[in-house]
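Take a look at the structure set out below.
Take a look at the structure:
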């Protein structure tokens with residue numbers, strides 16, 4: 099009965115998607131980018147409050163410690179979770195689409211079993227390598243107890259990741275969004291008192307409590323749609339072998355990305371201090387995370403649509419290029435406004451102590467223009483199930499980012515870190531264009547290049563205004579550029595919607 103209801107909702111969802119596609123994919127992309135972007139925006143507003151409180155209570159030094167601990171835990175999690183975030187979604191999704199309740203239940207059982215195994219293994223690995231992490235992550239070996247206490251977080255994240263994959267696979271994106279909002283609220287209510295009463299000593303307990311809260315909230319939603327079924331089955335892991343082998347490339351790519359961030363933060367901490375890490379992390383989070391809300395629809399809507407296209411060719415290229423056009427037009431006005439409003443946003447989101455990160459943030463904002471174009475392209479190997487190509491691209495990106503950050507931070511400090519991110523973004527953009535054309539025959543459209551040529555100069559002008567203007571000239575010029583970017587985007591959207599493309 100429950101499966102019948104789910105299947106009916108699935109059919110209605112599929113019909114709605116096909117109806118939208120028949121009217122024009124631009125309207126479809128606009129709609130779902132807005133839907134998922136709105137969910138992300140609500141989550142970010144909650145995160146902003148929490149970040150502000152943490153910045154005031156702990157300062158740059160405390161924010162730096164949180165960043166180092168989070169990077170380490172993410173690295174361990176990505177190293178031991180067998181790539182379930184990608185391969186499990188595909189396995190559950192295929193079972194769901196088959197309409198076979200028994201097949202779906204078996205897939206869910208396989209995912210949960212593997213998640214439990216990776217949780218146990220991940221926790222044991224974290225315990226085993228804690229002495230090494232304490233020695234090499236910080237410039238002094240005094241955090242062994244902290245890393246030991248954080249080891250269970252790796253296991254909790256593995257269980258959470260499996261349940262999230264199940265929710266995505268059965269198309270329960272609404273439940274996934276609600277669980278995210280509830281988790282962020284719980285994180286705010288649980289962590290802030292710990293920081294208030296215990297200061298920096300409350301960081302590790304807060305991370306453990308937050309990971310536990312996230313797991314419990316996600317399980318509550320996942321079990322509602324797919325109840326837990328306990329059954330002895332000696333061969334369940336064998337049936338999940340294909341999913342595990344498929345996820346190896348993806349897990350290695352995730353490890354490369356997580357390792358690069360851990361290396362960069364550890365390097366900055368060793369050559370400078372945790373306060374500098376805090377400034378770096380604040381600048382990184384403001385741009386990559388907050389501006390990244392526009393790209394939230396890629397994983398939830400664009401990736402499944404692209405995966406459903408069986409043949410390379412005109413339709414495949416058009417799907418990618420349309421997604422780039424919409425992403426670029428939506429994010430560009432935000433980037434100009436972000437660039438201009440930075441003197442107000444940094445103290446508002448963090449505190450006045452974080453203003454030294456302004457130069458770095460402005461350079462990363464320019465990199466976000468290229469990110470808007472390259473992210474839809476980067477999904478091509480994922481959509482084709484080619485984990486080796488994805489690993490190759492992500493591995494090269496990680497190496498270039500680490501090396502350029504070390505070289506440029508050593509010479510220019512935080513500004514050099516921003517220069518490294520901008521340089522790596524440009525390198526990655528060109529590399530992806532060349533490789534994806536060779537591997538999949540993808541060609542970026544002239545329309546995309548024209549839109550980039552129209553919006554990017556406005557961002558560069560805003561960057562120039564930020565460096566050279568002050569007072570009313572700064573604000574008047576900046577607001578004019580932001581309005582100009584917004585008008586360009588609105589005209590583009592209006593023309594596409596009127597034409598029904």
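In the numbering used here, the protein residues as written are 99 to 599.
We treat Cβ as the ideally placed atom computed from N, Cα and C, and that holds for glycine.
Quick caveat, the model's predicted, so the values are computed rather than measured.
Determine the DSSP secondary structure at residue 268, reduced to helix, strand or coil. Residue 268 falls in the coil class under three-state DSSP.
With distances taken Cα to Cα, identify the nearest neighbour of residue 280 among 246, 426, 271 and 316. Residue 316 is the option with its Cα nearest to residue 280.
Fill in: residue 472, buried or exposed, once every other Cβ within 10 Å from all chains shown has been counted against 16
Per the 10 Å Cβ criterion, buried.
Proximity winner among 355, 227, 151 and 189, relative to residue 496 (alpha-carbon distances): Considering only alpha carbons, the answer is 355.
Straight-line Cα distance separating residue 318 from residue 379
Taking the straight line joining both Cα atoms gives about 32 Å.
### Query
Taking the runs of the alpha helix (DSSP H) that are 4 residues or longer, which of them lie wholly in the region 150-208?
Within the region 150-208, the alpha helix (DSSP H) runs of at least 4 residues that lie entirely inside it are, in chain order, 182-196.
Endpoints, the alpha helix (DSSP H) within which residue 316 is located = 301-323 is the span of the alpha helix (DSSP H), which, as asked, contains residue 316.
### Reference residue 428; option with closest CA among 467, 219 and 409
With distances taken between CA atoms, residue 428 lies nearest to 467 out of 467, 219 and 409.
Report task. Quick one: residues in its chain with C-beta nearer than 6 Å to the C-beta of residue 579, no 5 flanking neighbours on either side, listed in chain order? Result -> Hits under 6 Å: 434, 556, 559 and 560.
Taking 7 Å as the limit between beta carbons, can you name the residues of its chain near residue 210, skipping five residues before and five after?
Answer for residue 210: 260, listed in chain order.
Which residue wins for smallest C-alpha separation from residue 465, given the options 249, 499 and 215? Among 249, 499 and 215, the Cα nearest to that of residue 465 is on 499.
Need the endpoints of the alpha helix (DSSP H) that residue 487 sits in, please. Residue range 485-510 is occupied by the alpha helix (DSSP H) that includes residue 487.
message: Can you tell me where the alpha helix (DSSP H) holding residue 455 begins and where it ends?
response: Premise fails: residue 455 is in no alpha helix (DSSP H) and is neither H nor E.
| task | Taking only the alpha-carbon atoms, compute the straight-line gap between residue 300 and residue 157 and give it to the nearest angstrom. | result | Between residue 300 and residue 157, the C-alpha separation is close to 14 Å.
Query raised in the report: Is DSSP giving residue 328 helix, strand or coil here?
Result: Coil.
Exercise. Please confirm whether residue 190 and residue 264 have their CB atoms less than 8 Å apart.
Key: In this structure, residue 264 lies closer than 8 Å to residue 190 by Cβ.
Run the CB neighbour count on residue 538, radius 10 Å, all protein chains shown included, and call it buried at 16 or more, exposed below.
With 16 or more other Cβ atoms from the protein chains shown falling within 10 Å of its own Cβ, residue 538 counts as buried.
*Span of the alpha helix (DSSP H) around residue 563*: Residues 544-566.
Practice task
Report all residues from its chain with a CB closer than 8 Å to the CB of residue 304; omit the five preceding and five following residues, and keep chain order.
Solution key: Closer than 8 Å at the Cβ level, and outside the excluded window around residue 304, lie 288, 289, 292 and 293.
* residue 444 - containing alpha helix (DSSP H), residue span -> According to the DSSP assignment, residue 444 belongs to the alpha helix (DSSP H) that extends over 412-447.
Count the other CB atoms within 10 Å of the CB of residue 419; is the residue buried (16 or more) or exposed (fewer)?
With 16 or more Cβ atoms within 10 Å of its Cβ, residue 419 is classed as buried.
Check your understanding: What separation, rounded to the nearest whole angstrom, lies between the Cα atoms of residue 423 and residue 569?
Key -> Each residue's alpha carbon lies about 34 Å from the other.
Cα-Cα separation between residue 224 and residue 314, rounded to whole angstroms:
The alpha-carbon atoms of residue 224 and residue 314 are separated by roughly 21 Å.
Taking the CB atoms as reference points, tell me whether residue 504 and residue 381 lie closer together than 8 Å. Cβ atoms of residue 504 and residue 381: not closer than 8 Å.
Exercise. In the DSSP assignment, find the alpha helix (DSSP H) that holds residue 374 and state where it starts and stops.
Key: Residues 372-382.
**OP:** Quick one: grab the DSSP three-state call for residue 281.
**Re:** In the structure shown, the three-state DSSP call for residue 281 is helix.
To the nearest angstrom, how far is the alpha carbon of residue 282 from that of residue 474? So the alpha carbons of these two residues sit roughly 27 Å apart.
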